[in-house]
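A quick write-up on the structure given underneath.
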Amino acid sequence: DTGVSQDPRHKITKRGQNVTFRCDPISEHNRLYWYRQTLGQGPEFLTYFQNEAQLEKSRLLSDRFSAERPKGSFSTLEIQRTEQGDSAMYLCAVPSTGGWQETQYFGPGTRLLVL
Amino acid sequence: AQKITQTQPGMFVQEKEAVTLDCTYDTSDPSYGLFWYKQPSSGEMIFLIYQGSYDQQNATEGRYSLNFQKARKSANLVISASQLGDSAMYFCAMRGSGGYQKVTFGTGTKLQVIP
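In the order they appear, the protein sequences are chains R and H. Quick note on my numbering: the first sequence kicks off at 1 and runs consecutively. Quick note on my numbering: the second sequence kicks off at 1001 and runs consecutively.
In structure tokens form, the structure reads like this:
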């Protein structure tokens, strides 16, 4: 148990629909990351939150994507007007502890399939 | 920019034997961290081992050890006494000293342990 839950675990949707994913760290973390993993690839960074502030967004995050972390605890990632190319695993991660030996612990991910 | 290269798409190993998974990296950061993650078919990313760029000794965690050769920019994972449960995708990753600590992943190596 990494201390991060994600919901839903699986989502099947039709092209053009909107979807929203949620990430819930069990304990408080001031930093939170979203990654996307497509088939046969490693995860790729999408965006980063420091408390409520979204401080960095990858160019992978088109204007159809929006992420929030309203109270600095849980986070949501919404995709509007989904496309088949959005099919992927969406992973949320939080840092282990502060300091240089910090790692990132990942949630179980949400698998999205866009038909 | 950071880059991770894993040149072995797939590997086979006999149960109880040792196996080495290759990883090379490229970065301009003077300080960085290197990680290995395991991803079973269930999809979760499981942190295995961490090596800091200034660490003098190679990291070890149980049956996992990281063969760190800084001059060659390599960070190979060695799994000793392979078990059937080790069959999974393995990702090498790194974190630089800047960029909000986001992690860059390689494309992964699929390890299959043969009974």
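C-beta atoms are modelled at their ideal positions from N, C-alpha and C, and glycine is treated no differently.
At a cut-off of 8 Å between beta carbons, residue 1060 (chain H) makes no contact with chain R. Uninterrupted beta strand (DSSP E) stretches at least 3 residues long and entirely within the region 34-110 of chain R occur at 44-50, 53-57, 65-68, 75-79, 88-95 and 104-106, given in chain order. C-alpha of residue 29 (chain R) to C-alpha of residue 97 (chain R): approximately 9 Å in a straight line.
Along the region 1092-1112 of chain H, the positions whose C-beta sits under 9 Å from a C-beta of chain R are 1092, 1093, 1095, 1097, 1099, 1100, 1101, 1102, 1103, 1104, 1105, 1106, 1107 and 1108, read in chain order. Note that the C-beta distance between residue 1073 (chain H) and residue 1109 (chain H) is not below 8 Å. Residue environment for residue 37 (chain R): buried (at least 16 other C-beta atoms within 10 angstroms of its C-beta). Straight through space, the alpha carbons of residue 1091 (chain H) and residue 1013 (chain H) are spaced by roughly 17 Å. Residue 1111 (chain H) counts as buried, since at least 16 other C-beta atoms from the protein chains shown sit within 10 angstroms of its C-beta.
Look at residue 1090 (chain H) here: in three-state DSSP terms it is strand. For residue 32 (chain R), the closest of H:1107, H:1047 and H:1103 by C-alpha to C-alpha distance is H:1103.
Taking a C-beta cut-off of 7 Å against chain R, the contacting residues of the region 1043-1075 of chain H are 1043, 1044, 1045, 1047, 1050 and 1052, listed in chain order.
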